[in-house]
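Taking it in order: structure first as structure tokens, then the write-up.
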Amino acid sequence: MMAVHCRNLTKRYQAGGQEVMALRGVHLDIPVGQLMMLVGPSGCGKTTLISVIAGILDQDEGTCEVYGVDLKSLSDRDKLAFRAKNIGFVFQSYNLLPSLTAQENAAVPLIINGVKRPLALQAAREILDRVGLGQRLTSMPSQLSGGQQQRVAIARSLVHDPRLIVCDEPTSALDHDTGQRVMELLKGVALDAGKALIIVTHDERIFEFADTIAHMDDGNIVKSPSLQPTSTSPY
Amino acid sequence: MSYIAIRMLMGDRSKYLGIIMGLTFASLIMTQQPAIFVGLMTRSFSFISDVGLPDIWVMDPKVQFVDDVKPLQDTELYRVRGVSGVDWAMPLYKGLIKARLTNGNFQTCNVIGLDDATLIGGPPEMIEGRLEDLRRADSVIVDQYGANEKLGVKGPDGTLSPLKVGDLLELNDHRAIVVGIAKTTRTFQSQPVVYTTYSRAKNMAPRERKLLSFILVKAKPSVALEELTRNIESHTGLAAYTQKGFQELTYNYYMKNTGIPINFGISVALGFLVGAAIAGQTFYSFTLENLRQFAVLKAMGAGNGTLLMMILLQASIVGIIGYGLGVGLTSVFGWAMRNTILSFKFPWQLLVFSGVGVMLICLIAAGISIRKVMTLEPAMVFKT
Numbered sequence: 153m154m155a156v157h158c159r160n161l162t163k164r165y166q167a168g169g170q171e172v173m174a175l176r177g178v179h180l181d182i183p184v185g186q187l188m189m190l191v192g193p194s195g196c197g198k199t200t201l202i203s204v205i206a207g208i209l210d211q212d213e214g215t216c217e218v219y220g221v222d223l224k225s226l227s228d229r230d231k232l233a234f235r236a237k238n239i240g241f242v243f244q245s246y247n248l249l250p251s252l253t254a255q256e257n258a259a260v261p262l263i264i265n266g267v268k269r270p271l272a273l274q275a276a277r278e279i280l281d282r283v284g285l286g287q288r289l290t291s292m293p294s295q296l297s298g299g300q301q302q303r304v305a306i307a308r309s310l311v312h313d314p315r316l317i318v319c320d321e322p323t324s325a326l327d328h329d330t331g332q333r334v335m336e337l338l339k340g341v342a343l344d345a346g347k348a349l350i351i352v353t354h355d356e357r358i359f360e361f362a363d364t365i366a367h368m369d370d371g372n373i374v375k376s377p378s379l380q381p382t383s384t385s386p387y
Numbered sequence: 509m510s511y512i513a514i515r516m517l518m519g520d521r522s523k524y525l526g527i528i529m530g531l532t533f534a535s536l537i538m539t540q541q542p543a544i545f546v547g548l549m550t551r552s553f554s555f556i557s558d559v560g561l562p563d564i565w566v567m568d569p570k571v572q573f574v575d576d577v578k579p580l581q582d583t584e585l586y587r588v589r590g591v592s593g594v595d596w597a598m599p600l601y602k603g604l605i606k607a608r609l610t611n612g613n614f615q616t617c618n619v620i621g622l623d624d625a626t627l628i629g630g631p632p633e634m635i636e637g638r639l640e641d642l643r644r645a646d647s648v649i650v651d652q653y654g655a656n657e658k659l660g661v662k663g664p665d666g667t668l669s670p671l672k673v674g675d676l677l678e679l680n681d682h683r684a685i686v687v688g689i690a691k692t693t694r695t696f697q698s699q700p701v702v703y704t705t706y707s708r709a710k711n712m713a714p715r716e717r718k719l720l721s722f723i724l725v726k727a728k729p730s731v732a733l734e735e736l737t738r739n740i741e742s743h744t745g746l747a748a749y750t751q752k753g754f755q756e757l758t759y760n761y762y763m764k765n766t767g768i769p770i771n772f773g774i775s776v777a778l779g780f781l782v783g784a785a786i787a788g789q790t791f792y793s794f795t796l797e798n799l800r801q802f803a804v805l806k807a808m809g810a811g812n813g814t815l816l817m818m819i820l821l822q823a824s825i826v827g828i829i830g831y832g833l834g835v836g837l838t839s840v841f842g843w844a845m846r847n848t849i850l851s852f853k854f855p856w857q858l859l860v861f862s863g864v865g866v867m868l869i870c871l872i873a874a875g876i877s878i879r880k881v882m883t884l885e886p887a888m889v890f891k892t
């Protein structure tokens, strides 16, 4: 079964009065249970592609199904509900809410899904335990190191048990060792049965964790996803 | 999500305090200035309020407010007494007479002459002495503000000695002895109020053909006051007002013919505008700084409705706190000024008025921010 099934995706932007083709007929499949890395130079359309896959942006043409659901066909309300329930996010700059503790940050997706706060905090405590931050529940983001903040972000992306986890440069702000640990964690915790992971990255140090790597350039997949992770990258 | 909204709001301590300060300032100005204004306006008819016994005030039709005395002939009193429905009618003198103090200084006083037999129209409460003491020769009763302030005499060391029972005054060259100190409400003009009998007041007053200022009327039981005022007017050609009607006449005169409402209105408007500017700008800046956080929530599935409620909740919280602090400060101000000459009256309507003002400021502040958040593109979370 495919977690993500995209066909002929196109997306245009208006920038400075000119039309920019961000996606030019992208075909992409991500099977369930796989970690796919999306690599390519800056501006090649990686972020646009994951935004479309996550239902944050609508494509202009083509179809994109996530676990068989065509997000573009959903109403705004249903799309929000689908995103809240099925998709987890890990961002390059963590994007933790600075005024919430680690535990509260990790509980946010559950609260968005309408789970009562005590239950959400309990679930957040458990997931933070799993990512090794059980002792830092009440720490504010500013009191955590970069790696710890990213682990809180990972806990937040997993707490509501989503089926697709979308990560944008999860290790680029981390040193090598921390990056490796974060990737081990992501791969270990996220790839439970029925889940899939898509990671946008420039960081070739983590390519070894990928099941498949898709290379993008100029708004398209230039090299089909390979089952053999490349050890070096031109990017 | 309410919890997250509150934590976001209070997390940025400086902005949070800045917004509250702006709203506190607005709320303070929007309650304190009108409270002084209401106090001042209430003083304009405080003399009418203090004379509690009569139902109706009869006067020359050209009278515009309580201090605008246009004297009547004494015979008008008998005509009013002849109107059907009048239980009793008593004369009242009200006029300005200069008092000479024991140190030689002069002070203009508001002299009130009460009916010699009944003393109707006297002060509402006596602090020292009795109202009946006015029947003694040359006697006068002075209000406590006049006695303690303007009629007090400064000694050689600069200390002010209040006027006391037994002290002497000279009213328009007439000897007057203080037999009592009365508790009255401060008047708009803040002159000392001196009570005496009607006949004595007429002697003290400068020579004029007519000296009857007002006729105080009590209606017979079960007689409708509005009907009786119409009867008095139609039978005598004079103006007759119920106590409330005369208060309104006086109040409306000050509202229309003085710059007081405009001056206070400008202060209140400025308070509103400055408060709105500070709170609105700070709240908007707070939202801008948290735009990324809102985008994260949006990306994770929080809808525009949820974010709208979060912003409204944040605006409500700062609004309630700012309003409470402003109203509290105004109350403290009023309490601190309670024994001074400053007029201050804080009715519940002012709480509603300033509450609506603060709510408007919050809505304006939230409105600007809401627009920004509603049009927010959640894809921005992928940018560093």
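Those sequence lines, one after another, are chains U and S. Heads up: the first sequence begins at 153 in the working numbering, then just goes up one per residue. Heads up: the second sequence begins at 509 in the working numbering, then just goes up one per residue. Idealized CB from N, CA, C, for every residue including glycine.
Check: Taking 8 angstroms as the threshold (C-beta atoms), are A807 of chain S and C870 of chain S in contact?; Outcome: no
Check: Which residues in the same chain have their Cβ closer than 6 angstroms to the Cβ of I786 of chain S, if we skip the five residues on either side of it in sequence?; Outcome: G530
Check: Determine the chain U residues that contact V804 of chain S at a beta-carbon separation under 9 angstroms, and present them in chain order.; Outcome: F241, F243, N247, L248, L249, V260
Check: Could you check whether P714 of chain S and N739 of chain S sit closer than 8 angstroms to each other, using their CB atoms as the reference points?; Outcome: no
Check: My output table needs one value for G346 of chain U: the three-state DSSP class, helix, strand or coil.; Outcome: coil
Check: So that I know if they touch, is there some Cβ in chain S lying closer than 8 angstroms to that of L223 of chain U?; Outcome: no
Check: Chain S partners of R315 of chain U, CB-CB under 8 angstroms?; Outcome: Those within 8 angstroms of R315 of chain U in chain S number zero; the least Cβ separation is about 14 angstroms.
Check: Using C-beta distances below 6 angstroms, list every residue in its chain close to G897 of chain S, excluding the 5 sequence neighbours before and after it, in chain order.; Outcome: Lying outside 509 to 892, the shown extent of chain S, residue 897 of chain S is not represented and no answer is given.
Check: What did DSSP end up calling I628 of chain S once you bin it into helix, strand or coil?; Outcome: coil
Check: Helix, strand or coil for P700 of chain S per DSSP?; Outcome: coil
Check: Closer than 6 angstroms by C-beta to I263 of chain U: which residues in its own chain qualify, once you throw out the five before and the five after it? Chain order, please.; Outcome: A272
Check: Please tell me whether R235 of chain U has its Cβ less than 8 angstroms away from any Cβ of chain S.; Outcome: yes
Check: Taking S203 of chain U as the reference, which of U:G299, U:R288, U:L161 has the closest Cα?; Outcome: U:L161
Check: Could one say the Cβ of S203 of chain U lies closer than 8 angstroms to chain S's Cβ atoms, at least one of them?; Outcome: yes
Check: Is DSSP giving E321 of chain U helix, strand or coil here?; Outcome: coil
Check: Do I317 of chain U and L190 of chain U have their beta-carbon atoms positioned less than 8 angstroms apart in this structure?; Outcome: no
Check: On the DSSP bridge assignment, give the partners of I649 of chain S in chain order.; Outcome: S:G688, S:Y703
Check: Please list, in chain order, the chain U residues whose beta carbon lies closer than 8 angstroms to that of M509 of chain S.; Outcome: I263, I264
Check: Identify the continuous alpha helix (DSSP H) that holds C870 of chain S and give its terminal residues.; Outcome: 856-882
Check: Could you check the C-alpha separation between M549 of chain S and G560 of chain S for me, to the nearest Å?; Outcome: 19 angstroms
Check: If you follow the alpha helix (DSSP H) that V588 of chain S is in, where does it begin and where does it stop?; Outcome: 583-589
Check: Assign P886 of chain S to one of three DSSP states: helix, strand, or coil.; Outcome: helix
Check: Check whether the stretch 214-231 of chain U and the stretch 356-374 of chain U are in contact - that is, three or more C-beta pairs closer than 8 angstroms.; Outcome: no
Check: Kindly indicate if chain S contains any beta-carbon less than 8 angstroms away from that of P386 of chain U.; Outcome: Here P386 of chain U scores only 44 on pLDDT, less than 50, and its place in the model should not be relied on; the value that follows carries that caveat. False, the Cβ-Cβ gap to chain S never drops below 8 angstroms.
Check: Whole-angstrom Cβ separation of Y762 of chain S and I768 of chain S, contact assumed at under 8 angstroms?; Outcome: 6 angstroms
Check: Report the start-end ranges of each beta strand (DSSP E) in the stretch 231-319 of chain U that is 3 residues or longer and not cut off at the edges.; Outcome: 239-242
Check: Ignore the nearest five residues each way along the sequence and tell me which others in S294 of chain U's own chain have a CB closer than 7 angstroms to its CB.; Outcome: P250
Check: Any contact of the stretch 598-611 of chain S with the stretch 700-712 of chain S, i.e. 3+ C-beta pairs under 8 angstroms?; Outcome: yes
Check: How is A607 of chain S classed by DSSP in three states: helix, strand or coil?; Outcome: strand
Check: If you pair each beta-carbon of the stretch 726-738 of chain S with each one of the stretch 536-555 of chain S, do three or more pairs fall below 8 angstroms?; Outcome: no
Check: Whole angstroms is fine: what's the gap from V804 of chain S's alpha carbon to V304 of chain U's?; Outcome: 14 angstroms
Check: Going by the CB atoms, is the gap between E716 of chain S and P579 of chain S shorter than 8 angstroms?; Outcome: yes
Check: Between A206 of chain U and R315 of chain U, is the Cβ-Cβ spacing less than 8 angstroms?; Outcome: no
Check: Does any CB atom of chain U fall closer than 8 angstroms to the CB of P886 of chain S?; Outcome: yes
Check: Rounded to whole angstroms, what is the Cα-Cα separation between A275 of chain U and G865 of chain S?; Outcome: 43 angstroms
Check: In chain order, what residues of the stretch 293-309 of chain U put their CB closer than 7 angstroms to some CB of chain S?; Outcome: none
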